[in-house]
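The next block holds one structure in the form of structure tokens; read it before the comments.
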Amino acid sequence: MAQRVLIVDDHQGFRKLARRLVQEVGLDVVGEASSGAEALREERRLRPDIVLLDVQLPDLDGIIVARSLSTLAAPPLVVLISTRDASDYGPRIDGCGALGFISKAKLTAASLSALLMR
Amino acid sequence: MKTWQRSAFQAIVLAIPALVCFVELQQFWPPTFDRPPLIALDDLLPGSAFTLAGLIAWSNRPSNRVGVLMILIGIGLLLGTSPILLQPSPLAETLTLVLGNWWSFFLVVFGSLWAVALLHLLLAFPSGLLGSRLDRGLVAFLYLAVPVLGLIAVVVTLSRLSGMTGGDVVVRLEFLAYTTGALVYLACLLLGSALIVRRWFVAGSARRRSMAVVIWSLVPIALAFAPAHLARFFAADASSTLWLELAKGSPLFLAVMPAGYLVAMLRSTRDLTSIADLVVKLSNGLLPAELQPALASTLHDPSLEVVYWLPTLGWYADLEGRPVSLPAQDSPRAVSVLGDPADPIAALVYDSSLRDEDRLVDTAAAAVRLALENARLQVQLRAQLDEVRQSRARLVEAADDERRRVERDLHDGAQQQLVTLLLSLQLAKAGALDRSDAQSAQVLDESIESLRQALAELRMLARGIHPTILVEAGLLPAIRSLGERCPMEVEVTGEVGRLEPRLEAALYYVAAEAITNAVKHSQGHRIRVDVGRSSGWASVDITDDGVGGADVSKGSGLVGLSDRVAAVGGRLDVRSNQSAGTNLHAEVPCG
């Protein structure tokens with residue numbers, strides 16, 4: 232069975248395209264969320280295997296959401312994405328419990344699957 | 101009151117002690133060894149002294165009730181305790197004939213009220229106003245209770261004398277009425293004295309000075325009342341020897357209070373002459389900082405403050421130019437505004453006990469007026485400089501906020517749109533490849549590549565406007581990130597922790613500018629950046645191993661940096677000797 236993915240981003244247009252990209256990689260999109268609080272709620276309800284998580288959300292910071300998800304008993308794999316570079320966040324990204332970070336400009340089917348294969 | 105009315109009133113008041121003295125001394129004429137006229141002093145001196153001191157006080161400060169109270173006490177003492185109206189005399193007989201028993205009532209009421217007025221005066225000194233509710237209650241109670249108890253005593257006595265009633269019961273009732281009145285008054289006098297002593301203990305030195313007369317009078321007043329009342333209580337027989345009278349307690353002691361008041365007035369006149377010393381000090385050139393201590397010493401109020409009116413800013417300031425608000429109307433501090441009230445020069449803030457020394461304050465203020473105007477100019481300059489400093493800091497902060505906003509808008513707006521477009525092109529390319537449309541895939545690939553290029557440039561632009569990492573992770577990671585992108589080798593050491601955003605921004609831009617300059621001009625190979633924080637200062641120190649020769653004065657970006665660091669209260673040092681590299685050191689206060 233394909234791995235189940237939750238997409239978290241506050242731009243609807245981006246979520247729509249990301250859904251197609253994720254499907255292209257061969258994964259199953261089970262839900263979407265547009266804020267940090269909704270992401271935490273949806274995670275509890277859907278129990279996805281992977282969360283594609285934008286760092287800049289209107290309410291909670293994506294890095295804080297990732298840290299909170301990593302404390303769960305069976306945490307999902309978290310892939311952080313952002314229009315900014317990883318270098319813009321410095322040491323904050325390390326140790327937040329995410330599997331990795333992909334800048335949105337470099338987000339492709341290939342880069343996503345490479346990170347998930349790792 | 102018009103001048104002639106006042107003079108007439110003063111003449112009438114003055115006539116009372118003169119008349120009483122004349123009538124009473126007549127009894128001792130011609131003098132004999134058994135009845136020396138000195139005995140009459142007991143009755144005449146305290147009343148006359150209070151009347152005279154009261155007249156002087158009243159003409160000096162007509163609006164202050166102290167003068168009127170003293171006059172009332174004086175006349176009360178003269179009429180109430182002098183035998184002129186009590187003992188058989190032509191005047192007393194005439195009055196008794198005309199007024200009948202009403203005369204006795206009048207004597208009792210007036211003869212006791214002066215004692216209440218005395219406590220009123222002690223509590224209200226020197227302002228003439230009763231400050232606390234307890235003071236007012238105590239005085240009001242006595243004004244009511246003392247005459248009422250006296251009247252009861254008189255009624256009982258009259259009924260006994262007229263033979264309407266008789267027996268032991270009436271005698272006891274009479275005794276009880278007299279002693280109750282005396283004891284109630286004594287108790288209130290004690291309570292009043294306790295209030296005054298407590299007030300003296302908590303008072304500042306200026307207030308203590310003005311209360312000195314009252315404090316020093318308490319013991320003589322107690323000596324005047326307590327033994328006399330006790331003597332009456334134990335029904336001791338009246339002896340006519342002067343010394344025995346004194347030992348029993350005598351109204352003579354009461355004269356200490358008006359005498360003390362006159363001495364205090366003399367002292368206050370001497371204070372006026374001490375202003376001459378102040379003028380001499382001024383002519384020797386008094387610094388603005390010495391003005392306040394000099395005035396405080398002249399006016400005997402160490403708590404005195406001089407505050408300056410700043411017309412351009414619209415508030416009062418202290419010598420350092422810091423805003424100061426004047427005390428409220430009901431505060432224990434008094435204020436004298438100097439100069440035209442619509443456009444004052446300065447204000448003196450002092451202990452309210454000096455309010456009664458208004459002439460002294462005004463004269464001292466007039467003496468220092470010119471010096472105050474000079475001092476005010478200095479204060480105004482300082483305050484304006486402070487204002488400019490603050491507005492510069494606000495400008496820099498506003499500019500930083502604006503940069504942060506523009507950077508965020510670039511990310512959330514344009515960059516987000518372009519990233520979505522990029523993703524959409526990638527999906528289109530994947531579709532084209534699925535359909536084996538190599539030509540379309542080729543075109544899309546080129547578009548994707550140039551879009552990536554545009555995005556990278558946009559990111560660089562945004563980072564230059566305001567680096568996200570500075571907000572996200574702080575100064576040290578932001579400087580490390582600068583170093584990682586730098587073509588020269590950059591070594592970053594030290595630890596600084598998180599600082600206020602405006603301080604992080606100031607130090608970051610110093611480091612960024614120094615690194616950019618080193619890359620462009622130093623011809624060196626290595627840059628060392630050291631950050632640190634100690635004893636309330638955060639610093640950044642950048643050194644390169646290049647050719648040196650950087651000059652702040654040559655209109656480089658260093659001037660702007662220096663301004664930026666100064667805006668947050670810090671300083672920037674540049675050392676750049678020929679062929680010895682360049683060192684920039686910036687430090688900012690971080691509390």
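Top to bottom, those sequences are chains A and B.
According to my numbering, the first sequence is numbered sequentially starting from 232.
According to my numbering, the second sequence is numbered sequentially starting from 101.
The beta-carbon is built from N, C-alpha and C at its ideal position, and this holds for glycine as well.
Compute the Euclidean distance between the alpha carbons of B/A338 and B/A108, then round it to the nearest angstrom.
Any reading at B/A338 needs caution, since the residue's pLDDT is 44, under 50, leaving its predicted position unreliable; the model's value is listed next. Distance between the alpha carbons of B/A338 and B/A108 is about 40 Å.
Is the beta carbon of B/Q516 less than 8 Å from the beta carbon of A/T302?
no
What does a CB cutoff of less than 6 Å around B/S453 pick up in its chain, not counting 5 residues either side in sequence?
A306, R307 and S310
Do you know offhand how far B/V571's Cα is from B/E405's?
46 Å
Is any beta-carbon of chain A found at less than 8 Å from that of B/R552?
yes
Can you confirm whether A/A249, when its beta carbon is compared against all beta carbons of chain B, has any partner nearer than 8 Å?
yes
Contact with chain B by A/A336, beta-carbon distance below 8 Å
yes
Pull the bridge partners of B/H685 from the DSSP assignment, please.
B/D641 and B/D673
In the DSSP assignment, what are the bridge partners of B/P117?
B/P117 is not bridged to any residue.
Note down the Cα distance separating A/E263 from A/E269, rounded to an integer number of angstroms.
9 Å
Might you give, ordered along the chain, the residues of its own chain that have their beta carbon closer than 8 Å to the beta carbon of A/A340, omitting 5 neighbours on each side?
L252, E255 and V256
Buried or exposed: where does B/G421 fall if 16 or more other Cβ atoms within 10 Å of its Cβ makes it buried?
buried
Contact defined as beta carbons within less than 8 Å: I believe B/L419 pairs with B/L472. What is the distance between those atoms, to the nearest angstrom?
The Cβ separation is near 11 Å, so there is no contact.
Count the C-beta pairs between the segment 297 to 306 of chain B and the segment 443 to 463 of chain B that are closer than 8 Å, then say yes if the count reaches three, no if not.
yes
At a CB distance below 8 Å, what residues from the segment 239 to 263 of chain A approach chain B? Give them in sequence order.
H242, G244, F245, L248, A249, R251, L252 and E255
Can a CB atom of chain A be found closer than 8 Å to the CB of B/A573?
yes
Cα-Cα separation, B/H511 to A/K335:
11 Å
If you check the beta carbons only, do B/I116 and B/I175 fall under 8 Å apart?
yes
With DSSP as the reference, please indicate the residues paired to B/T279 in a beta bridge.
None, per the DSSP bridge assignment.
Looking only at its own chain, which residues have a Cβ that is under 7 Å from the Cβ of B/P587, when we skip the five neighbours before and after it?
V619
Under 7 Å between beta-carbons, which chain A residues line up against B/W666? List them in chain order, please.
Per the sequence presented here, residue 666 of chain B reads as Ala, with Trp not at that position. Within chain A, no residue comes near B/A666; the closest Cβ sits about 28 Å away, beyond 7 Å.
Taking Cβ positions, are B/I296 and B/L222 nearer each other than 8 Å?
yes
Excluding sequence positions up to five away, which residues of its chain have a Cβ less than 8 Å from the Cβ of B/Q678?
V647, G648 and G649
Would you call the segment 375 to 389 of chain B and the segment 469 to 489 of chain B in contact, with 3 or more CB pairs under 8 Å?
yes
Which residues in chain A sit within 8 Å of B/I569, going by Cβ to Cβ distance?
S318, D319, Y320 and G321
Within a Cβ cutoff of 6 Å, which residues of the same chain sit near B/A605, ignoring the five residues on either side of it in sequence?
D500
Do B/W409 and B/A446 have their C-beta atoms closer together than 8 Å?
yes
A/R315: contacting residues in chain B (beta-carbon distance under 7 Å):
H511 and T568
Run the CB neighbour count on B/P402, radius 10 Å, all protein chains shown included, and call it buried at 16 or more, exposed below.
exposed
Check the Cβ of A/T339 against every Cβ in chain B and list those closer than 8 Å, keeping chain order.
Q526
Can you give me the start and stop residues for the beta strand (DSSP E) that A/L284 sits inside?
I281 to D285
So B/R559 contacts chain A; which residues on that side make the cut at Cβ distance below 7 Å?
D316
Leaving out five residues before and five after B/P444 in sequence, what residues of the same chain have Cβ atoms less than 7 Å from its Cβ?
W409, V437 and L438
According to DSSP, A/I312 sits in a beta bridge with which residue or residues?
A/D285 and A/I333
Buried or exposed: where does A/L297 fall if 16 or more other Cβ atoms within 10 Å of its Cβ makes it buried?
Residue identity differs from the one stated: residue 297 of chain A is Ala in this sequence, not Leu. Buried is the call here.
Please classify B/T412: does DSSP put it in a helix, a strand, or coil?
coil
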